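See below for the structure under consideration.
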Amino acid sequence: MWLEVFRQALRDTRRGLGWWAVGLTLYVLLILAFYPSIKGDPAISQVIQNLPEALRSLFGEDFSSPAGYVGGRLFSLMPVLLSVFAGLNGAALIAGAEARGHLELPLSQPLSRGALLAGRALALLVLLLGLGFVLFLSTWVFGQLFQAPLPAARVLETAALHTLGAWVFGALALAVGAATGKPGLASALGAGLGIGLVVVHTLSGQVTALKDTGWLNPWHAALAESPLRNAVGAAPLLACLLVGLVWLLVATPLFGNRDVGR
């Protein structure tokens with residue numbers, strides 16, 4: 001029964017995932033297709049140097065190398081896209097289904113609410129990993145095609161850092177939705193916090209207090225530690241995974257005790 005909840009959630013969301021995958025692939029293609037025309041252009045470097053420091057910290061200062069360009073032009077904005085994807089899907093899996101009247105059937109089965117939440121959470125994680133794999137594969141393949149080759153291991157780790165960073169906010173949206181039954185609130189908190197912490201990271205280079213606590217930001221390893229150039233390790237990945245699980249553990253008794261559909 002628990003696995004059926006998981007499979008049903010994947011069936012219900014596969015079309016949306018497909019469209020996101022197509023859109024993400026086209027976005028990666030568009031970004032990397034421009035690399036051959038700008039990699040040797042000194043004017044681009046001059047433009048970057050004239051940007052405010054906060055923007056340089058987000059986009060990077062080296063667009064001439066594959067790692068600098070892909071990190072600055074592609075992956076610097078990926079947390080925003082993935083936060084939206086995670087927040088919308090996390091909110092839809094419990095609170096959205098409840099608002100549409102689709103929770104009555106699974107709740108009428110011999111299945112605890114905790115198991116229902118766990119099945120939907122696993123579905124959310126699989127959705128994010130699926131989109132993360134699309135990000136990895138499209139970045140690596142198009143990099144080979146457009147003169148921006150990068151080691152597959154570095155691209156994979158970078159995509160994983162972004163994917164599990166988004167999991168923190170998707171799990172938050174799922175947890176808030178399960179606890180309150182309000183999909184709008186859940187998606188706003190999940191996606192909004194994810195995007196807001198990108199802004200916080202951008203400002204951390206100018207604000208000492210933000211810089212000193214930057215390691216607490218789920219996007220820190222993905223945006224600040226240059227994973228396309230340097231191996232980051234498993235610790236940030238595990239930390240993001242555990243934070244998402246904590247949100248869900250907190251929400252489980254709240255979901256179990258409230259009146260669903262009222």
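One point on numbering: in full-length UniProt numbering, the residue at position 10 of the sequence shown is 10, and numbering is uninterrupted. Positions of the beta carbon are idealized from the N, C-alpha and C atoms, including for glycine. Nothing here was measured: the structure is a model prediction, and the numbers come from that model.
Look at the Cβ atom of Val176, then the Cβ atom of Leu164, and state whether they are nearer than 8 angstroms. no
N-terminal and C-terminal residue of the alpha helix (DSSP H) that Ala231 is part of: First-last for Ala231: undefined, no H or E at that position.
When DSSP labels each residue in this structure, what does Phe146 get in the three-state scheme? coil
Looking only at its chain, what residues have a beta carbon closer than 7 angstroms to the beta carbon of Leu125, apart from the 5 residues adjacent to it on each side? Trp167
Please report the distance separating the alpha-carbon of Asn230 from that of Gly244. 25 angstroms
Out of Leu197, Arg15, Ala178, which one is the CA nearest neighbour of Leu117? Ala178
DSSP on Arg258, reduced to helix/strand/coil? In the structure shown, the three-state DSSP call for Arg258 is coil.
In whole angstroms, what separates the C-alpha of Leu88 from that of Phe34? 30 angstroms
Hey, is the stretch 123 to 141 in contact with the stretch 12 to 24, meaning 3+ C-beta pairs nearer than 8 angstroms? yes
Where Ser187 falls, given that 16 or more other Cβ within 10 Å makes a residue buried: When all chains shown are included, Ser187 counts as buried.
Between Leu189 and the rest of its own chain, which residues show a CB-CB distance below 8 angstroms, the 5 nearest in sequence each way excluded? Gly87, Leu172, Ala173, Val176
When burial is assigned at 16 or more other CB atoms within 10 Å of the CB, is Val28 buried or exposed? buried
Put Pro66 into one of helix, strand or coil per three-state DSSP. helix
Burial state of Asn257, where buried means 16 or more other Cβ atoms lie within 10 Å: exposed
Which whole-angstrom value is the C-beta distance of Leu32 and Ala148, which I expect to be below 8 angstroms? Correct: roughly 6 angstroms between the Cβ atoms.
Cβ-based neighbour list, Ala91, same chain, cut-off 6 angstroms, excluding 5 preceding and 5 following: Ala173, Gly177, Pro183, Ala186, Ser187
So the candidates are Gly130, Leu122, Gln144; which of them puts its Cα closest to the Cα of Leu248? The residue with the shortest Cα to Cα distance from Leu248 is Leu122.
What three-state label does DSSP hand Val141 in the structure shown? helix
Burial state of Leu156 (16 or more Cβ within 10 Å): Answer is buried; the Cβ neighbour count reaches 16.
Using a Cβ-Cβ cut-off of 8 angstroms (strictly less than) and excluding sequence neighbours within five positions of Leu17, which residues of its own chain qualify? Shown here for Leu17: same chain residues with a beta carbon closer than 8 angstroms to its own, the five before and five after excluded, namely Leu127, Gly130, Leu131 in chain order.
Where do the N-terminal and C-terminal ends of the alpha helix (DSSP H) with Asn217 fall, by residue? Here Asn217 belongs to no alpha helix (DSSP H), and DSSP marks it neither H nor E.
Chain C contact for Gln109 (CB, 8 angstroms cutoff): Going by chain labels, chain C is absent from the structure shown, which holds only one protein chain.
I need the boundaries of the alpha helix (DSSP H) containing His162, first residue and last residue. 152 to 180
Thinking Asp195 and Ser83 are a contact (beta carbons under 8 angstroms), I'd like their distance in whole angstroms, please. Here the sequence assigns Ile to residue 195, which means Asp is not the residue at that position. 5 angstroms between Cβ atoms; contact.
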